[in-house]
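Heads up: the structure comes next, in structure tokens.
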Amino acid sequence: MQNEYARLPLRIRYPRLSDCLERIEQALDAAENAGIPVVCVQHAGPPGGPVFDPAGKGFELCPRIEHRLTPRWRRVVKHRGSIYAGTDLAAWLHGQGVDTVTLVGFMANNCVLASAAWGETIGLTTEVLADAVGAINLRNCAGKADARTVHATLMALLHSNWAAVATTDEWCRALGLDEPLPHSNLVASATAPAEMGMSR
636 MQNEYARLPL RIRYPRLSDC LERIEQALDA AENAGIPVVC VQHAGPPGGP VFDPAGKGFE
696 LCPRIEHRLT PRWRRVVKHR GSIYAGTDLA AWLHGQGVDT VTLVGFMANN CVLASAAWGE
756 TIGLTTEVLA DAVGAINLRN CAGKADARTV HATLMALLHS NWAAVATTDE WCRALGLDEP
816 LPHSNLVASA TAPAEMGMSR
């Protein structure tokens, strides 16, 4: 939710950034109305670096999120992929009695993936809102994938083990009913019919 994701080279390509931000705001509204703690995480790169320079505009929150800030939100600055690496967030969450973390924001192919996998190791259940997280195009010596493929693959991967993946609407409904999101597993994901899949 930082400005860096609205400009090159890390501009979110799928889903559309504006659509993601709408879903993020929807989730924030639902969380605050339900009295759920909100944590706002920003990534900081090296000072003077090409992206996430702590003194640069790219590090700042996008205006739509910035104007929503409240003292009730927990603020965290991280320097690695996972929101838990090198921060006190895990200890704070446990101290608050939190056992489930819902991830929204950017990027699906970095922070969301790393945080969901890390959450398993510290006893936290993770939820990912598919239409409120975004991905970028990837191309390197190991291969390439457009953002839509990256996003779809990661949502299937996460839902197979590390997270319960749902749309924001589905999450809001579950929240209103005080029900957990359905979760798959590796065996179910490996044996599901070929036509199964989320149309998101």
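Anchor point for the sequence shown: position 3 equals 638 in this note's numbering, and the numbering is continuous, going up by one each time.
Built from N, CA and C at the ideal position, the CB exists for glycine as well.
Since the model is a prediction, treat every value here as computed from it, not as a measurement.
Between the options, which lies nearest to residue i when the distance is taken from Cα to Cα?
i	options	result
residue 662	652, 653, 673	673
residue 616	717, 708, 824	Only positions 636 to 835 of the chain appear in the structure, and residue 616 is not among them; the question remains open.
residue 711	702, 670, 695	695
residue 738	752, 730, 727	752
residue 715	703, 748, 708	748
residue 650	769, 726, 706	769
residue 671	830, 822, 813, 786	813
residue 804	666, 784, 793, 728	666
residue 724	669, 779, 750	750
residue 686	644, 809, 664, 794	644
residue 708	807, 664, 693	664
residue 688	639, 731, 722	639
residue 729	757, 706, 741	757
residue 829	810, 791, 808	791
residue 810	818, 668, 704, 780	668
residue 704	818, 660, 776, 780	660
residue 860	741, 823, 779, 778	Shown here, the chain extends from 636 to 835; a query on residue 860 therefore has no answer.
Do residue i and residue j have their CB atoms nearer than 8 angstroms?
i	j	result
residue 762	residue 801	yes
residue 796	residue 820	yes
residue 698	residue 690	no
residue 789	residue 658	no
residue 827	residue 816	no
residue 678	residue 637	yes
residue 693	residue 642	yes
Assuming residue i is part of the alpha helix (DSSP H), what are its boundary residues?
i	result
residue 673	Run containing residue 673: none; DSSP gives neither H nor E here.
residue 800	Per DSSP, residue 800 belongs to no alpha helix (DSSP H); it is in the beta strand (DSSP E), 799 to 801.
residue 789	782 to 794
residue 699	698 to 701
residue 822	821 to 826
How big is the Cα-Cα spacing for residue i and residue j?
i	j	result
residue 834	residue 766	At residue 834 the pLDDT is 49, less than 50, meaning the model places this residue with poor confidence and gives no usable figure here.
residue 676	residue 700	11 angstroms
residue 746	residue 719	10 angstroms
residue 787	residue 647	14 angstroms
residue 726	residue 759	11 angstroms
residue 680	residue 825	38 angstroms
residue 785	residue 831	18 angstroms
residue 721	residue 732	20 angstroms
residue 736	residue 706	20 angstroms
residue 655	residue 806	15 angstroms
residue 783	residue 653	15 angstroms
residue 776	residue 808	42 angstroms
residue 779	residue 818	29 angstroms
So residue i is in the beta strand (DSSP E); what residue range does that whole segment cover?
i	result
residue 668	No beta strand (DSSP E) holds residue 668; the alpha helix (DSSP H) holding it covers 652 to 668.
residue 773	773 to 775
residue 713	709 to 713
For this session: Kindly provide the ranges of any beta strand (DSSP E) runs that are 3 or more residues long and lie completely inside the stretch 722 to 765, ordered along the chain.
Result: Taken in chain order, the whole beta strand (DSSP E) runs of length 3 or more contained in the stretch 722 to 765 are 735 to 741.
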